[in-house]
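Everything on this sheet refers to the single structure shown next.
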Ligand code: TRP
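Structure representation (structure tokens):
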């Protein structure tokens, strides 16, 4: 059926924090690509959020370009979606200030991510780290996004975004859409391969715990062979079998098979066979991503033309909304 209604707007962002993991891929970027047909999508590399913790400038620049190439390699289509770089679109900073003046110190003090990060970076509790959720609200509200795909760690920030939007609308008149979270239907959380009770994370000291989307085949297979499992030997999803559950989830996501099908496929086979199969399936699934990424990084002009187009479209859309917000707040029209 032809859908003549206006498509809902989806916006999401990811920080350019170095190589993306299988967790980033399954939990976020893979779904970004899927949503493109049914929604009007905006995807950005959140380089402004990245500097809330200290960054080496040359590295940040490289990571931002690589992150952009990575989302395109994972299927974000810069001709179909608006794929842009946050710091290239000045409306985010403009709206940020207006929203900051409508956000309470107390609200920001309650953010659990701020509490965690300020404890972790005790020598650099900068104002940006504190007002981080306000910039995120600006990212979202500047486009009147309906839906925001986020992981659980960002849910509180999204709630705050709704509170800020609602407050603004009450004070100055209706403008902002109250965004909802979009929780991906399947396999949102990928756990560490060496300690499957913890989330897969690139900051893990054990490099075998974490698979990167750009790892080569041998590396991927080696990491899966070493994955920690239980002393049972039956490939079945069950409570308490965190390691096997994680591997089943991963296998199911990359092959598109249901959990039941996976269990049937490995009925009577041991963990060794299963681990090898998961490693191979992941490596095969990621091979085209790696290839596309390498092509893009060799073709900088094309990459630049993609983000320039995204930046311009993002600026056009957000300027209309941010100008209205400025007007409502009492700034003289330019
Ligand atoms: N804060 C998000 C994260 O670290 C990234 C982000 C920035 C974002 N702005 C956003 C996500 C707007 C969704 C919408 O994961």
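In my numbering, the protein residues as written are 8 to 341. For glycine and all other residues, C-beta sits at the position ideal for the given N, C-alpha and C. These numbers were taken from a predicted model, which means no experiment stands behind them.
Run the proximity test for residue i: is its beta-carbon closer than 7 Å to any non-hydrogen atom belonging to ligand 1?
i, result
"residue 334", "no"
"residue 21", "yes"
"residue 147", "yes"
"residue 161", "yes"
"residue 83", "no"
"residue 284", "no"
"residue 56", "yes"
"residue 143", "yes"
"residue 18", "yes"
"residue 157", "yes"
"residue 53", "yes"
State the CB to CB distance for the pair residue i and residue j, rounded to an integer number of angstroms; the pair is presumed to be in contact (CB under 8 Å).
i, j, result
"residue 30", "residue 53", "17 Å between Cβ atoms; not a contact."
"residue 144", "residue 168", "4 Å"
"residue 219", "residue 27", "7 Å"
"residue 34", "residue 209", "With a Cβ gap of about 13 Å, residue 34 and residue 209 do not count as contacting."
"residue 310", "residue 75", "7 Å"
"residue 211", "residue 217", "6 Å"
"residue 172", "residue 148", "6 Å"
"residue 249", "residue 198", "6 Å"
"residue 333", "residue 142", "Between residue 142 and residue 333 the Cβ distance is about 17 Å, and since that is not below 8 Å, they are no contact."
"residue 300", "residue 40", "With a Cβ gap of about 14 Å, residue 300 and residue 40 do not count as contacting."
"residue 188", "residue 165", "5 Å"
"residue 71", "residue 133", "Rounded, the Cβ-Cβ distance is 20 Å, inconsistent with contact."
"residue 254", "residue 234", "6 Å"
"residue 251", "residue 289", "The pair is not a contact, with the Cβ atoms about 15 Å apart (cut-off 8 Å)."
"residue 67", "residue 23", "7 Å"
In the DSSP output, which residue or residues are listed as bridge partners for residue i?
i, result
"residue 28", "219"
"residue 20", "51"
"residue 156", "189"
So is the beta-carbon of residue i under 7 Å away from any non-hydrogen atom of ligand 2?
i, result
"residue 288", "Questions concerning ligand 2 fall outside what the structure shown contains, since the ligands it does hold are ligand 1."
- [ ] Scan the segment 53-107 and note each continuous beta strand (DSSP E) run of 3 residues or more that stays entirely inside, going in chain order.
- [x] Entirely contained in the segment 53-107, the beta strand (DSSP E) runs reaching 3 residues are, in chain order, 89-92.
Task: alpha helix (DSSP H) segments (min. 4 residues) lying fully within the segment 185-249 - done: Listed in chain order, they are 224-232.
Open item on the list: Quick check for students: name the residue ranges of the alpha helix (DSSP H) that lie wholly in the segment 275-310, counting only runs of 4 or more.
Closed with: Listed in chain order, the complete alpha helix (DSSP H) runs (minimum 4 residues) inside the segment 275-310 are 278-305.
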